[in-house]
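K.L.:
One structure coming up, written as C-alpha cells, with questions to follow.
Residue numbers (the working numbering): 9 to 69.
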C-alpha cells in the first residue's frame, strides 16, 4: 500500500510541476510585462485551434 501511495504522489507531482516551453515563455513574458496579453491571447488561440483540429478529425487528412 505504501508503494502505491508514493507512486500516485509522484505521478501527481509530475503532472502539476510540468511546465512546457510554451508555458515557460508565457510566464517569462508576463513577469517582464512585455506584450503579456497578446502573447497569452495568441497561445490560447493556437491551443484552441489545435484542439479543434484534433476533435474534428483534421489528422485523417
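Note that the Cβ used here is the ideal one computed from N, Cα and C, for glycine as well.
#1: Which whole-angstrom value describes the C-beta separation of residue 51 and residue 34, a residue pair presumed to lie in contact below a C-beta threshold of 8 Å?
#2: Using CA coordinates, which residue listed in 19, 30 and 10 is at the minimum distance from residue 53?
#3: Between residue 27 and residue 49, what straight-line distance do the alpha-carbon atoms span, to the nearest angstrom?
#4: If you draw a straight line from the C-alpha of residue 46 to the C-alpha of residue 55, how long is it?
P.N.:
On the basis of the supplied data:
#1: 6 Å
#2: 30
#3: 18 Å
#4: 14 Å
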